[in-house]
Each structure stands twice: as C-alpha cells, then as structure tokens.
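Respectively, the protein sequence lines represent chains A and B. Start counting the first sequence at -10; every next residue gets the next number (my numbering). Start counting the second sequence at -10; every next residue gets the next number (my numbering). Backbone N, C-alpha and C fix where the C-beta goes; we use that ideal spot for every residue, glycine too. Note that the structure is a prediction, hence the values are computed from the model and not measured.
There are 2 protein chains.
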Amino acid sequence: MESKAFSEQAKTTLARTLAPRVAERTTLVDQVANRIRREIILGTLDPGRHLVEKRLAEDLSVSRGTVREALTRLASTGLVEFSPGSGNRVRYFSDSDIAEIGEVFAALEGRAALHAVLPPSPAAEKELRDIAEQMRGLRLPDDVEELMRLDREFHGTLMNQQPKTKLVEAWQSLESLLAVMMVPIMRRGVGTSDSQADRHLLLVDAAMTGEPELLIKGLEQHYYQM
Amino acid sequence: MESKAFSEQAKTTLARTLAPRVAERTTLVDQVANRIRREIILGTLDPGRHLVEKRLAEDLSVSRGTVREALTRLASTGLVEFSPGSGNRVRYFSDSDIAEIGEVFAALEGRAALHAVLPPSPAAEKELRDIAEQMRGLRLPDDVEELMRLDREFHGTLMNQQPKTKLVEAWQSLESLLAVMMVPIMRRGVGTSDSQADRHLLLVDAAMTGEPELLIKGLEQHYYQM
DNA sequence: TCGGACACGATTGTCCGACAATTAAGTGAA
DNA sequence: TTCACTTAATTGTCGGACAATCGTGTCCGA
C-alpha cells in the first residue's frame, strides 16, 4: 500500500499556499496544481508514482474533476505522464533527459540574449547579483525549494531584460521542467549553495561584458555543468 | 449574435478526425481539442473570440467538462487565453509575436542541429525532399491545412534525425504555436506553395553539407523569411 | 448630458453522483 | 512457469446543480 502523500489538512492550507499574490485570482485548480507540482519537485511523490484521481481528491478534499484538471495542466508542462486509460504517473527523467532539458534552456536563453539590452542596466545588474548572493546562505538539502525559486527568479530577470515576450513565454511554459531537473542535481550534491551562487555570478559577469556571444557561451556552460 | 462555428454533425466526424493513427487510443477530449484547434488555426474561430463552454458543449454534443478539459489543454499550448472568471478566448498574435515564435523554433531546431547526424542518411534525405516536393502541388488558400501538416512533418523529420528526445519534446509542446503563425502568413500571401517547397529544399541542401553551422544559418533564414 | 450605483442575466468554478469501458491484478489451470 | 480468465480498481464521460463572479444595461442624481 502506498503511503499517503497528502495526509494532513488540505483545504485550509491550500487556500493560502501561494496566495499572497497581488490580487490575481487563484482558482482551486491552480492551488491543487501547485500543491502537486511542489510534491513532485520536492520528491515527496517519486517518479513513476501512480497518481490516482480519486485518492488525490479525497486527500485534498476537492472533487475529482478539480484534480483531473490540475493533472491535465501538469501533464501539459511535462511533469506528469498521461496514458489514456491507465492513469497518470509522475514522470521519470533520466540523466540524459536532464542534460537535454539544460540544452533547451540554453538555446532559449541564448536566443534571448541576442536581443537583450546588453550590458544590463545598473539596476538590473544589482538585482541579478542580489539574487545570486541570496543563494549563498542556503542550507542545501532543506532549502532546495528556495534555491529553485531564486534560480527561476534569476533566469527570469535575465530574460526579462528585453521585451521578447514570446521567448519568455516559451521559456515559462517549460519552466517546471527546469525545476525537476534541479532536484536530482541537488541531491546528487553536485552543487553546494556557494557554487550555485558563484556560477550565477559568472553569468552576470558575462552579461556585463555587453557581448552577447560571451553570455551565450556562459549560458551553455552554466547548463552543461549541471 | 455570434455565428455558429460548429453547426454540422459533431460526434460522427469527430470520431475520425485525425484517427488513422497506429492504434493510440484517442479520447473524446483529444478529439474535441483537435477540432477546436483546427478551427482556430484555420481561422474559423477568429482571434479574441469568446469560447463559451456551454455553447461549445452543445454544438459538439459533449459535456461541458469535456470541453473544459480540451480548452485547458489548448490554453497550455498557448492557443487559448484563460482569464479566470471571465472565460476563454482565442488568442491574438501580433506580427511581432509571430516573428518571435519563429525565433523560438529557430533556436530549438538550431540546437538540435548541433546534435544531428549530419549529413542525413540517404533515406532521410529522400524523405525530406519528398515532403518538400509534395508542397509544390498545393492550391494555396484551400490547402493550408495540408501545407501545415507537411511543414510539421518536415521539421519533425529534420529534428528526429537525432535522438534528442527532450528537444523534440519541447519542440512538440510548442508546435501548435507554429501552426498559428503559418496561417496569417499564408493569408498575407507571402509564400506560394512553390516558394514553400523551394525554401524547404534549401534546408535539405544545408543539412546535406554536413555542416551544422550552415544548417543553423539556414534555419534562421527560413524562419526570418516568414 | 454624463458619471455612477444598482440589478440582472450570462458564464465560470466547483461539486456530486453515476455508469460503461478499460486496465491492472490476482487466481487458477495447463 | 505461463497462459487464460475473473475480478477489482480506475479512468473517461455524462448530467445536473449551485454559488461566485463578470459584463452589461438601466435608472438615478448631479
């Protein structure tokens, strides 16, 4: 028998999980999707795990339809695998998968770099460095989640330097893949929080040269190192 | 009052819309999603159009839940815009959006080209050329759909030359964006079916040189021309 | 005449319960 | 062990239901 992943109270916590947003309406489906996504990323729900709709619905105290919609959404981002008729499973990513995901991001960010206002404005530079520095203080196994948030924020800031909305959008739609790839990496202990910080600072340096080529090279290395 | 977009018979046609696949089980949701996607791509449902769940459900003779799931899926690919509370609308793409989408694909395919087995095998070359040639015979305004299918097939074949599954996957998850961008282009009359064929043949030539750099350059031009 | 408060209808977000179809698992026989 | 079969679990889809919310048009007061 599988162990319960969502045992505790549900609705109460859910309602405020990531809610302190400005004023954007968050639907229940969003909250459920976020919740499950988090469990997957953190590894509470390990790869291959069968996600049974009814069970999730009960554990989270929502209707099956709501869970279903959330799962559909996760499936579209690639975190969950749908096999018509036989259910949804947490997707498994091999090492080479992870390497490739890195490439996808290198490709997209590299492309964006071509359009970026380089070098970044002083304000942007500061912001980027600040984010990188924040990574330094993290205790690794526990703060994975925070590290990922910072990572997303960093690369997001880097990409938002320029108004290429579609690139940013494509990037965002694949973003949770990035999150998945980070977890095993962290586990493997490949990077301490310090090295993460350093690696990102290198990127800032590359960007500050004002040479798109250098930033692109930097990005490639950044992702290959993982 | 809006004109009906899905007036004719529904279920019967739906069942076999794109079904001649090997043996993959297609759910009703898939069929509905395909159907709506097609209408959007073909322009029957113009940008900004409000997609009312109940209405679609009735027109297609399926339940609202099914439509909802289909819409969710389309939204995740970017074709449909969700605004919690106020409904789903067909997404509008500006010219610059379209240009950017082209860039995304150039980036991904270019990246894939780095890993491709270049030059393609004789078999692959033949297949690519065949596809390109098939474009030649099309009557344009009417055969848009077929042209798009060929285009997808071409680029898909090009990318499948190598086993970089994640790149391919990222590409696929964005594929319908590619489809949307082609329609206005066709309408604008930018390319006759002949020029389409020629442009793709140029890509084959580039690939056959065995030089990844040349293929990448080719891809960039390919998308920029649009 | 114009801006704003209000009421109303349309639509969405979510829930429930139900049922056939399909899949996965367990059982027994060869 | 392996194969065929029965059984239980799960999915795919349906219909209806209801509150919350949104968009819109109406009426009122300035």
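Nearest-angstrom Cα distance between residue i and residue j?
i	j	result
A:E134	A:E28	11 Å
B:A96	B:R53	38 Å
A:A101	B:L127	35 Å
A:E200	B:G91	23 Å
B:D35	A:F143	37 Å
B:P111	B:R118	10 Å
A:T15	A:E58	14 Å
B:T181	B:T146	22 Å
A:G207	A:S184	15 Å
B:Y213	B:S83	15 Å
B:T66	A:S65	8 Å
B:H39	B:G76	7 Å
A:G32	B:Q123	48 Å
A:L68	A:L192	28 Å
A:M170	A:Q210	16 Å
A:D19	B:S72	12 Å
A:D132	A:S85	25 Å
B:I205	A:V51	49 Å
A:L60	B:L203	42 Å
B:I30	A:D140	36 Å
B:P109	B:K115	9 Å
B:R44	B:L17	17 Å
A:G37	A:Y81	6 Å
B:R10	A:L166	Its pLDDT being 31, under 50, B:R10 is placed unreliably in this model, and the value from its coordinates should be taken loosely. Each residue's Cα considered, the two are about 28 Å apart.
B:G74	A:G74	31 Å
Hey, could you find the ends of the alpha helix (DSSP H) residue i is sitting in?
i	result
A:S65	R53 to T66
A:E114	P111 to R125
A:G37	Unbroken run through A:G37: none, as it is neither H nor E.
B:E184	The displayed chain sequence assigns Ser, not Glu, to residue 184 of chain B. S182 to M197 is the span of the alpha helix (DSSP H), which, as asked, contains B:S184.
A:G207	P201 to Q214
B:N23	L17 to L31
Assuming residue i contacts residue j (C-beta within less than 8 Å), just tell me the rounded distance between them.
i	j	result
B:V56	B:E42	5 Å
A:E98	A:M148	6 Å
A:R125	A:A46	41 Å between Cβ atoms; not a contact.
B:L49	B:R26	Contact flag wrong, Cβ pair sits at about 13 Å.
A:V93	A:L163	6 Å
A:H189	A:A88	19 Å between Cβ atoms; not a contact.
A:A22	A:L63	6 Å
What residue does the beta strand (DSSP E) around residue i start on, and which one ends it?
i	result
B:G99	Careful: B:G99 lies outside any beta strand (DSSP E), inside the alpha helix (DSSP H) at D84 to H104.
A:N77	G76 to V79
A:S50	Premise fails: A:S50 is in no beta strand (DSSP E) and is neither H nor E.
Can we count residue i as close to the ligand GTP, meaning its CB is less than 7 Å from some heavy atom?
i	result
B:Y81	The ligand GTP is not among the ligands present in this structure, which contains no ligands whatsoever.
Any 3 or more C-beta pairs closer than 8 Å across the segment 194 to 209 of chain B and the segment 101 to 114 of chain B = yes
At a Cβ cut of 8 Å, what residues of the segment 43 to 72 of chain A count as close to chain B, listed as they run along the chain?
-> G54, R57, E58, T61, R62, S65, T66 and G67
Contacting positions in the segment 87 to 101 of chain B - beta carbon closer than 8 Å to chain A | Correct list: E89, I90, E92, V93, A95, A96, L97, G99 and R100.
Listed in chain order, which residues of the segment 16 to 36 of chain B have Cβ atoms closer than 9 Å to some Cβ of chain A?
-> T16, V18 and D19
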